Structures are given as structure tokens and as C-alpha cells.
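Colleague: After the C-alpha cells below, expect a handful of questions from me.
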């Protein structure tokens with residue numbers, strides 16, 4: 021993950037808490053989704069309802085936060101249509117990634133201890149490739165090496181599940 025996403029420059033220790041926070045929150049999120057899937061989401065209808073509810077609550081919370089920021093900040097940023105459209109476009113693959121993660125847990129193709137890292141590594145690979153192909157970010161040897169190592173790790177994790 022580091023090799024596929026890192027950039028040139030010095031790492032500042034004061035910012036190290038950000039990746040740690042992402043790591044912890046991502047782990048808690050994956051654990052929560054697996055727990056809910058195992059104990060509560062026994063049909064495809066409940067899986068759909070859970071995912072829709074989760075994203076609806078996130079949309080409402082985000083809207084309230086944006087509205088509060090716009091009302092209380094002196095340096096107000098205008099709410100731009102392109103930002104709303106971008107948010108919705110980003111939300112669509114996120115919605116389906118959660119929905120299909122739940123469906124994958126339900127399918128019992130791999131143990132969840134294999135599904136979660138394969139899913140997360142796949143997300144890193146996908147976002148890195150999108151950044152390179154669509155946003156013209158530099159590929160670089162380190163980034164390409166990171167992608168290759170990530171693909172190898174997905175294969176090894178998937179094979180270990182059998």
C-alpha cells in the first residue's frame with residue numbers, strides 16, 4: 021500500500037496520525053460490516069436495506085456538516101454543483117463496494133480473514149490505476165512495484181484461503 025500510494029518528499033512525524041487513523045477506522049469498519057452481515061443481514065433484502073440506510077445516514081450527516089460550515093465560517097465556500105456531482109459519482113462505487121462486500125461475505129467463497137485484505141488491496145490498486153490513467157499522476161518505479169507486490173499479495177492471500 022505504501023509503495024503504491026507514496027509520493028516524493030519527507031514524511032513529517034506530525035502527520036503520521038492520519039494513516040494510523042485511517043488504518044484503525046478501516047479495520048473497525050470492516051469488522052463492523054462482517055459482524056452485521058453475520059448476525060443481522062440474513063437476506064439480500066436486508067443487505068440492500070442496510071447499505072441504503074448506511075449511505076442515507078452518511079449523506080444526511082455530510083449535508084448537515086456542510087450546511088453548518090457554510091453558515092458559521094467567515095470564509096464561506098460556495099456550494100458548487102460540480103462538487104455535488106463529484107460526491108454522488110464517488111458515492112456510487114462506494115455503495116456497490118460495500119454492498120458486494122456484504123454479498124461476498126455471505127457467499128462463503130473465502131474466509132473473511134482473506135476477503136478483507138484482498139478487498140482493501142484491490143481498492144488501493146484500483147485507485148492507484150485511476151490516478152495514473154485518468155488524473156495523469158506519475159507512475160514511477162516505486163508505484164508500479166507497489167502495484168505488482170499488491171497483486172502478488174492478493175494471489176497469496178486468496179490461495180491461503182483454500
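Numbering (our numbering), first residue to last: 21 to 182. Each residue gets a CB set at the ideal place from its N, CA and C atoms; glycine is no exception. Note that this is a predicted model, so its numbers are computed, not measured.
(1) Take residue 138 as the anchor and find which of 150, 159, 176 and 165 has the nearest alpha-carbon.
(2) Taking residue 53 as the reference, give the member of 126, 174 and 150 with the closest Cα.
(3) Please classify residue 60: is it buried, with 16 or more other beta-carbons within 10 angstroms of its beta-carbon, or exposed?
(4) When we look at the beta-carbon of residue 170 and count the other beta-carbons within 10 Å, is it buried (16 or more) or exposed?
(5) Can you give me the Cβ contacts of residue 157 inside the same chain, cut-off strictly under 7 Å, excluding the 5 residues immediately before and after it?
(6) If you draw a straight line from the alpha carbon of residue 160 to that of residue 92, how long is it in whole angstroms?
(7) Quick one: what does DSSP say residue 24 is sitting in, helix, strand or coil?
(8) So residue 134 and residue 180 are supposed to be a Cβ contact under 8 Å. How far apart are they, rounded?
(9) Since residue 75 and residue 111 should fall inside the 8 Å C-beta cutoff, what is the C-beta to C-beta distance between them, to a whole number of angstroms?
(10) State buried or exposed for residue 104, treating a residue as buried only when at least 16 other CB atoms are found within 10 Å of its CB.
(11) The alpha helix (DSSP H) with residue 93 in it runs from where to where?
(12) Once DSSP output is grouped into helix, strand and coil, what is the label at residue 159?
(13) Helix, strand or coil for residue 176, going by three-state DSSP, please let me know.
Modeller: On the basis of the data shown:
(1) Position 118 of the chain shown, counted from the first residue, corresponds to residue 138. Nearest C-alpha to residue 138: 176.
(2) Within the chain shown, residue 53 is the residue found at index 33, counting from 1. Cα-wise, what sits closest to residue 53 is 126.
(3) Within the chain shown, the letter at position 40 stands for residue 60. Exposed: under 16 other Cβ atoms inside 10 Å.
(4) Stepping through the chain shown from its first residue, residue 170 is reached at position 150. Buried, since its Cβ has 16 or more Cβ neighbours within 10 Å.
(5) Mapped onto the chain shown, residue 157 falls at position 137. Excluding positions up to five away in sequence, the list reads 151.
(6) By one-based count along the chain shown, residue 160 stands at place 140. By one-based count along the chain shown, residue 92 stands at place 72. When rounded, the distance between both Cα atoms is 43 Å.
(7) As a working mapping, residue 24 is identified with position 4 in the chain shown. Legend: pLDDT at residue 24 = 48, less than 50; position of this residue unreliable, no value from coordinates given.
(8) Start at 1 with the first residue of the chain shown, and residue 134 comes out as number 114. Start at 1 with the first residue of the chain shown, and residue 180 comes out as number 160. Contact flag correct, Cβ pair sits at about 7 Å.
(9) Position 55 of the chain shown, counted from the first residue, corresponds to residue 75. Position 91 of the chain shown, counted from the first residue, corresponds to residue 111. That belief holds up - the Cβ atoms of residue 75 and residue 111 are roughly 7 Å apart, short of 8 Å.
(10) As a working note, residue 104 is residue 84 in the chain shown. Answer is exposed; the Cβ neighbour count stays below 16.
(11) Taking the chain shown and counting its residues from 1, one reaches residue 93 at position 73. Element bounds for residue 93: n/a, residue is neither H nor E.
(12) Reading the chain shown from its first residue, position 139 is the one you call residue 159. Note: residue 159 maps to coil in three-state DSSP.
(13) Here residue 176 refers to the residue found at position 156 when the chain shown is read from its first residue. DSSP places residue 176 in helix when its eight states are reduced to three.
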